[in-house]
Structures are given as C-alpha cells and as structure tokens.
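> One structure, as structure tokens, below. Some questions next.
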Amino acid sequence: MNKGKLTFSSSILLLALLASACSGGGAAPKETEPTEPAAQSEQPEQPALPEEATIRILTENSTAWPPKEDWGVWKWVKEETNITVKQELMTGPESLALAISSGDMPDILSVFPSDVSKYGPQGAFVDLSQHMDKMPNVKAFLDANPGVKERVVTPTGEIYSILNDGAGEGSQMVWFYRDDIFAKHNLQVPKTWDELYTVSKQLKELYPDSYPFMFRHGIGTLDTFGPSFNFYPEIHPDPADPTKVKFGLEDPNAKTLVETLNKFLAEELIPPDWLTMDYKAWTQFMSNNQAFITVQFIGQIEIMNNQLPEGQHLKFMPPPIGVGDKPYLPRGGTESYGMAVASTSKNMDAAFRYLDYVFSEKGKDIQSWGKEGETYTVVDGKRKFNDNYKEPNDLRIISGIQTAATYGWFDFDAWLSLVKESEQEAYVEAPKYRHPIAYSRAALTPDEAAAMAPLNDQIWKYWTGEVAKFIYGERPMSEWEAFVADLSKHGLNEIKATYQTALDRQVANTK
Numbered sequence: 392m393n394k395g396k397l398t399f400s401s402s403i404l405l406l407a408l409l410a411s412a413c414s415g416g417g418a419a420p421k422e423t424e425p426t427e428p429a430a431q432s433e434q435p436e437q438p439a440l441p442e443e444a445t446i447r448i449l450t451e452n453s454t455a456w457p458p459k460e461d462w463g464v465w466k467w468v469k470e471e472t473n474i475t476v477k478q479e480l481m482t483g484p485e486s487l488a489l490a491i492s493s494g495d496m497p498d499i500l501s502v503f504p505s506d507v508s509k510y511g512p513q514g515a516f517v518d519l520s521q522h523m524d525k526m527p528n529v530k531a532f533l534d535a536n537p538g539v540k541e542r543v544v545t546p547t548g549e550i551y552s553i554l555n556d557g558a559g560e561g562s563q564m565v566w567f568y569r570d571d572i573f574a575k576h577n578l579q580v581p582k583t584w585d586e587l588y589t590v591s592k593q594l595k596e597l598y599p600d601s602y603p604f605m606f607r608h609g610i611g612t613l614d615t616f617g618p619s620f621n622f623y624p625e626i627h628p629d630p631a632d633p634t635k636v637k638f639g640l641e642d643p644n645a646k647t648l649v650e651t652l653n654k655f656l657a658e659e660l661i662p663p664d665w666l667t668m669d670y671k672a673w674t675q676f677m678s679n680n681q682a683f684i685t686v687q688f689i690g691q692i693e694i695m696n697n698q699l700p701e702g703q704h705l706k707f708m709p710p711p712i713g714v715g716d717k718p719y720l721p722r723g724g725t726e727s728y729g730m731a732v733a734s735t736s737k738n739m740d741a742a743f744r745y746l747d748y749v750f751s752e753k754g755k756d757i758q759s760w761g762k763e764g765e766t767y768t769v770v771d772g773k774r775k776f777n778d779n780y781k782e783p784n785d786l787r788i789i790s791g792i793q794t795a796a797t798y799g800w801f802d803f804d805a806w807l808s809l810v811k812e813s814e815q816e817a818y819v820e821a822p823k824y825r826h827p828i829a830y831s832r833a834a835l836t837p838d839e840a841a842a843m844a845p846l847n848d849q850i851w852k853y854w855t856g857e858v859a860k861f862i863y864g865e866r867p868m869s870e871w872e873a874f875v876a877d878l879s880k881h882g883l884n885e886i887k888a889t890y891q892t893a894l895d896r897q898v899a900n901t902k
C-alpha cells in the first residue's frame with residue numbers, strides 16, 4: 392500500500408476519532424510530545440465580546456484638538472466593548488438644546504451640571520440610578536467617590552449624569568514665584584500673609600517699577616485667597632460643620648483679607664488695574680521683571696517657564712497662611728463635564744455598556760494610556776509614551792485621550808508623564824494643601840433654582856461692587872460691619888435658608 396496516501400476508509404476513521412475527541416465522547420490518542428496545535432489549544436480563550444452595537448455621542452468641537460474619526464480612543468472602545476461610536480459635534484452653546492428639541496437626540500450627550508439640572512427633570516435624560524444593575528462599575532465608582540456622587544444626585548434622588556473624574560488636576564489654582572530672583576537677593580519665601588507683605592516691600596525697593604504681587608482673575612481671586620483665611624466668599628459648607636451652610640463674607644476673617652489687599656494696593660505692591668488684568672498683561676508683567684509672586688492655574692508654571700528668558704524661572708510656592716496654622720489652596724481638581732443618556736435612545740443597553748466600560752478599572756487604563764506597543768512602551772517598569780507624544784496636549788490631538796466623553800475615570804499619571812520632570816513638583820505638592828471643604832453648593836430643585844436666580848445675581852453684584860470699593864479705599868474699612876449687615880437686605884437670609892434645605896437633602900440622599 393502507498394504510505395503517502397490515506398484510503399477512503401482510513402479517512403473516515405480519522406474523522407470519526409477527531410469528532411469523538413471534540414465532542415468529549417472519547418479520549419484523544421496520547422502523545423509523548425504534544426504537537427504545536429495541541430499546545431495552542433491549551434491557551435486561555437479570550438472572552439467573547441458582547442453583541443455589536445453603534446451609539447452616537449454628542450461632544451465638544453475644540454479647535455485646539457480637532458476631532459478625528461480615527462482617534463485611538465474610539466478604536467479602543469470598539470476593541471473592548473464591540474461598540475462603534477459615531478461622534479457628533481456641538482457647533483455652539485445652543486447645540487445641546489437643539490439636540491434635545493429635535494426629537495433625535497444622540498444616545499450619550501456631554502453635559503454640564505447646569506444642563507442636567509435644567510433638562511433632567513424635564514425628561515430629556517435617563518435616571519441612571521434605576522439602571523445600576525447594568526452598570527456595576529459605575530456603581531462601584533460612585534460608592535468609592537462620595538464627592539462625585541453627591542454632585543450628581545438630584546434633590547429628589549435621581550442621577551441624570553455621571554461626572555468625569557481624574558483629569559481635573561489642571562484646573563487647580565496655585566501660587567508660584569520667581570525663585571531665581573529670590574535666590575539672587577537672598578529673600579525668604581513667605582510662609583504667611585504678613586511675610587508676603589514684607590517680602591513684597593523688599594522686592595518693591597529692589598525693583599521700583601514692579602508690582603511684586605500679581606493676579607489676573609479680578610474679584611474672583613478671592614476664591615483662591617479665601618481658603619488661607621478659612622472661608623470662600625459666598626455660600627459653601629461650613630468648615631466647622633460641613634452639614635451647615637456658611638456665607639463666607641460674614642466671617643470676620645474676610646475683613647482681614649480685604650483689609651490686607653487694601654494695604655497692598657495702597658503701597659503699590661499690586662497693580663492698580665488688578666480688577667481688570669487680562670492674561671496678556673499678566674504674561675508681560677511676569678516675563679519682564681515687573682512681578683515676582685502670583686496665583687494662576689497650575690499648568691501656567693510650565694507654560695511661562697518655556698517663555699521666560701534664560702536664567703529666569705518660576706517655582707511652585709506653598710500658599711501663605713492667612714489665619715490659623717495651616718496653609719490652604721482652594722479645593723480643586725474636580726471636573727464639571729459629564730455624560731448623560733438620552734431618554735429617547737434606541738440603543739440604551741449599549742449606552743449603559745459604554746458608561747460602564749469608561750468607569751471601569753480597565754477602561755480607565757486604556758482610555759488614559761492607550762495600548763502597549765501602540766501608544767506607549769514599558770521601560771524599566773514604567774510606561775513611556777511614544778516619541779510622537781511630546782507634550783500632554785498631544786494626547787488629545789493625536790489620539791483623543793482626555794477629550795469630552797472619551798473617558799469617565801481618568802488616570803492623571805498619563806498626563807503627568809508628559810510634563811517635564813522639572814515641572815512636576817506643583818502637581819505633586821498642590822494636593823497637600825487643598826482645603827478640606829470644596830467651594831460648592833447643594834443642588835436645588837427647579838422651583839428653588841428659579842427663586843434663587845435673581846437673589847444670587849443681586850447679592851453677587853452687591854458684594855463684589857462693595858468689596859472692590861473697600862480694596863480701592865473708596866469705602867473705609869470702618870464700614871465693613873455695616874456692609875455685612877446690609878447683606879440681609881439683598882436676600883442673604885433667604886439664600887442661606889434655601890441652600891441649607893438643599894444641603895440637608897443632599898446629606899440624606901448620599902448616605
């Protein structure tokens with residue numbers, strides 16, 4: 392017989408044996424050396440992907456990182472969830488309202504809390520609290536992050552959106568200073584506001600044409616200064632008892648801060664146009680030896696250091712103490728963008744699956760870093776982005792990483808890995824000084840919000856105008872107590888009562 396060929400009968404026998412082995416009806420012939428195919432069959436099988444689905448997501452349209460259909464973030468979603476994302480772009484502030492009124496909403500929409508409080512109760516968005524059984528990762532995330540949960544739970548217990556988290560570190564306001572100037576003149580970095588005044592006086596003598604202390608957010612800068620004096624200007628939870636509301640300007644420490652700023656201005660330690668200082672002017676002062684201490688968003692340290700002439704350098708500065716014995720920055724690092732699911736979605740289960748993925752540990756990792764070999768390599772046990780990612784913003788431009796609705800829970804280490812090592816100090820140090828209380832208000836019901844809107848506007852216009860007068864010396868500090876008493880004439884008591892009711896509700900809803 393020709394041993395190079397199988398007979399018909401022997402072929403049938405072989406097929407029968409193979410079929411029996413595959414069906415478990417019989418044992419496969421034993422072999423002393425497993426063949427290559429047998430070795431492969433012993434490898435763990437990849438879990439089957441869920442049923443294929445397509446969803447539409449409404450997101451921002453940024454000129455700084457123009458959206459691309461081939462962004463990696465959408466490809467990775469497809470690979471991990473079998474969901475194809477069709478990105479739809481907002482064209483202006485009215486885009487969300489138009490999408491809702493069109494009757495053809497995308498399945499998932501990028502939303503701000505103000506959008507949620509307006510359109511959620513009207514029925515535009517799904518109450519996600521009723522679908523947590525389909526989103527175990529979302530539930531686990533909210534349970535582990537009560538600060539996020541309390542911001543998304545409505546006064547009546549619904550959850551109409553989930554806020555992004557983890558990428559807000561860049562929104563932290565910090566202090567920094569010209570360390571080269573301080574070293575040159577052997578000046579001490581101020582640890583208190585009294586020392587800040589002293590060193591500013593010294594710098595003014597050394598540089599008569601300068602305004603040593605510079606800031607560019609006008610009256611809003613009190614939001615940054617206030618925590619060092621243990622208050623925020625308007626309504627916020629009382630640091631002494633976070634279940635109670637406090638209107639910060641009623642705190643005696645507010646007078647101390649305003650009085651101090653008045654002294655700085657009178658002695659030309661801050662510029663006379665501090666109230667209207669814009670970014671361009673601030674940049675010019677900081678780069679021309681006309682200002683040496685400032686407060687700004689944390690990322691501005693690296694941006695300015697890249698622009699300063701050789702030999703000049705800015706460095707993170709711990710916030711000076713105003714009162715007490717602890718230095719504080721405002722509690723930043725939170726995000727205000729989130730995602731809602733359209734109540735009209737025909738792909739609701741896929742939308743839930745998408746949210747559950749981006750808020751999972753795996754989704755956090757992939758949507759922040761991409762995939763090994765594709766976006767990064769591992770060098771000495773650490774991830775290193777490929778060379779085409781030269782600075783943090785390239786993550787957005789090239790792959791869509793950290794753009795709206797592409798992530799839920801972000802790993803900020805991905806962003807930080809592209810910040811120059813010499814500029815990472817601020818990101819590491821700033822969280823150590825965050826005030827224990829955030830400058831936040833509990834959510835109001837639609838009726839409460841409608842009633843509070845004119846009162847909030849009225850009291851804001853009143854106090855900002857009067858505080859500016861105190862700082863400029865147009866109103867004497869001897870009238871501060873009268874100013875505080877007059878806050879009640881502008882609706883303060885009603886405002887406090889309403890927000891206390893809202894806080895009581897929030898505490899009860901998030902237990």
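In this text, residue positions in the sequence shown follow the numbering used here: the first is 392, and each later residue adds one. Idealized CB from N, CA, C, for every residue including glycine.
1) Can you give me the C-alpha to C-alpha distance between Thr797 and Leu652, rounded to a whole angstrom?
2) If you check the beta carbons only, do Thr445 and Met481 fall under 8 angstroms apart?
3) Checking 8 angstroms against the spacing of the C-beta atoms, do Leu746 and Gly799 come in under that value?
4) Establish whether the CB of Asp461 and some CB of chain C are separated by less than 8 angstroms.
5) Determine the burial state of Tyr824: buried for a count of at least 16 other Cβ atoms within 10 Å of its Cβ, exposed for fewer.
6) Output needed for Gly416: all residues of its chain with C-beta closer than 7 angstroms, excluding positions within five of it in sequence on either side, in chain order.
7) Given Val545, which residues of its chain have a CB within under 7 angstroms of its CB, disregarding the five upstream and five downstream residues?
8) Got a sec, what are the start and stop residues for the alpha helix (DSSP H) Leu656 sits in?
9) Taking the alpha carbon of Ala455 as the point to measure from, which residue in Phe638, Ser501, Leu786, Met496 has its own alpha carbon closest?
10) Count the C-beta pairs between the segment 803-819 and the segment 478-495 that are closer than 8 angstroms, then say yes if the count reaches three, no if not.
11) Quick one: what does DSSP say Val539 is sitting in, helix, strand or coil?
12) Does the beta-carbon distance from Gln464 to Gln758 come in below 8 angstroms?
13) Return helix, strand or coil for Pro845, following the three-state DSSP convention.
14) If we call anything under 8 angstroms between Cβ atoms a contact, is Pro721 one with His608?
15) Using a 10 Å radius around the Cβ and a threshold of 16 neighbouring Cβ atoms, would you call Gln675 buried or exposed?
16) Would you mind listing the beta strand (DSSP E) stretches within the segment 690-766 that are 3+ residues and don't spill past its ends, in chain order?
17) Got a sec? Which residues, its chain only, sit under 6 angstroms from Leu440 by beta carbon, not counting five neighbours each side?
18) Please give me, in chain order, every unbroken run of the beta strand (DSSP E) with length at least 3 that falls completely inside the segment 456-501.
19) Does Ser591 pass the burial test, meaning 16 or more other C-beta atoms within 10 Å, or should it be called exposed?
20) By the three-class DSSP mapping on this structure, what secondary structure does Ile448 have?
21) Indicate the three-state DSSP secondary structure (helix, strand or coil) for Tyr627 in the structure shown.
22) Please state whether DSSP places Trp800 in a helix, a strand or coil.
23) Round the Cβ separation of Lys706 and Tyr568 to the nearest angstrom and send it over; I've been treating them as touching at under 8 angstroms.
24) Looking at the secondary structure, which residues open and close the alpha helix (DSSP H) in which Pro504 lies?
25) Excluding the 5 residues preceding and the 5 following Gly724 in the sequence, name in chain order all residues of the same chain whose CB lies nearer than 8 angstroms to its CB.
26) For a quick check, are the C-beta atoms of Ala817 and Val565 less than 8 angstroms apart?
27) If you reduce the DSSP assignment to three classes, tell me which class Pro527 lands in.
28) When the Cα atoms are used, what is the spatial distance from Phe532 to Glu752?
29) Leaving aside the five residues before and after Ser508 along the sequence, list all residues of the same chain whose C-beta is less than 8 angstroms from its C-beta, in chain order.
30) How about Ile684 and Phe616: are their beta carbons less than 8 angstroms apart?
31) In this structure, how does DSSP classify Arg569 when only helix, strand and coil are distinguished?
32) Would Glu549 pass as a contact of Ser520 if the rule is Cβ separation under 8 angstroms?
33) Looking at the secondary structure, which residues open and close the beta strand (DSSP E) in which Phe688 lies?
34) In chain order, what residues of the same chain lie with their CB nearer than 8 angstroms to the CB of Leu656, ignoring the 5 residues before and after it?
The structure says:
1) A direct Cα-to-Cα measurement between Thr797 and Leu652 gives close to 43 angstroms.
2) No, they are not a contact pair.
3) Going by C-beta atoms, Leu746 is nearer than 8 angstroms to Gly799.
4) Absent here is chain C; the protein component of the structure consists of one chain.
5) Classification for Tyr824: buried.
6) Confidence at Gly416 is low in this model, with a pLDDT of 37, below 50, so its placement is unreliable and no value can be given for it.
7) Before going on, a small fix: residue 545 reads as Thr here, not Val. If we look at Thr545 and ignore the five residues flanking it on each side, its Cβ neighbours are Gly511, Tyr551, Ala834.
8) That run of the alpha helix (DSSP H) goes 643-657.
9) Of the candidates Phe638, Ser501, Leu786, Met496, Leu786 places its Cα closest to the Cα of Ala455.
10) Contact fails: fewer than three Cβ-Cβ distances are below 8 angstroms.
11) If DSSP states are grouped into helix, strand and coil, Val539 belongs with the helices.
12) The question names Gln, yet the displayed sequence has Val at residue 464. In contact: Val464 and Gln758 (Cβ atoms closer than 8 angstroms).
13) Taken through DSSP and simplified to helix, strand or coil, Pro845 comes out as helix.
14) Not closer than 8 angstroms, so no.
15) Answer is exposed; the Cβ neighbour count stays below 16.
16) Counting whole runs of 3 or more residues, the segment 690-766 contains the beta strand (DSSP E) stretches 705-708, 729-732.
17) Counting only residues of its own chain and dropping the five nearest sequence neighbours on each side, Leu440 has a CB closer than 6 angstroms to the CB of Asn473.
18) 474-480, all fully within the segment 456-501.
19) With 16 or more other Cβ atoms within 10 Å, it is buried.
20) In this structure, Ile448 counts as strand in the three-state DSSP scheme.
21) Note that residue 627 is His in the sequence shown here, rather than Tyr. Residue state, collapsed to three classes: strand.
22) Under the three-state reduction of DSSP output, Trp800 falls in the strand class.
23) Between Lys706 and Tyr568, the beta carbon gap of about 6 angstroms places them in contact (Cβ cut-off 8 angstroms).
24) Counting along the chain, the unbroken alpha helix (DSSP H) around Pro504 starts and ends at 504-510.
25) Answer for Gly724: Gly559, Glu560, Ser562, Gln563, Pro822, Arg825, listed in chain order.
26) Against a cut-off of 8 angstroms, the Cβ pair of Val565 and Ala817 comes out as a contact.
27) In this structure, Pro527 counts as helix in the three-state DSSP scheme.
28) Distance between the alpha carbons of Phe532 and Glu752: 9 angstroms.
29) If we look at Ser508 and ignore the five residues flanking it on each side, its Cβ neighbours are Thr545, Ala834, Leu835, Pro837, Ala840.
30) Contact flag unset, no.
31) Residue state, collapsed to three classes: strand.
32) Between Glu549 and Ser520, the C-beta spacing is below 8 angstroms.
33) That run of the beta strand (DSSP E) goes 684-688.
34) These residues qualify, in order along the chain: Pro663, Trp665, Ile862, Tyr863, Gly864.
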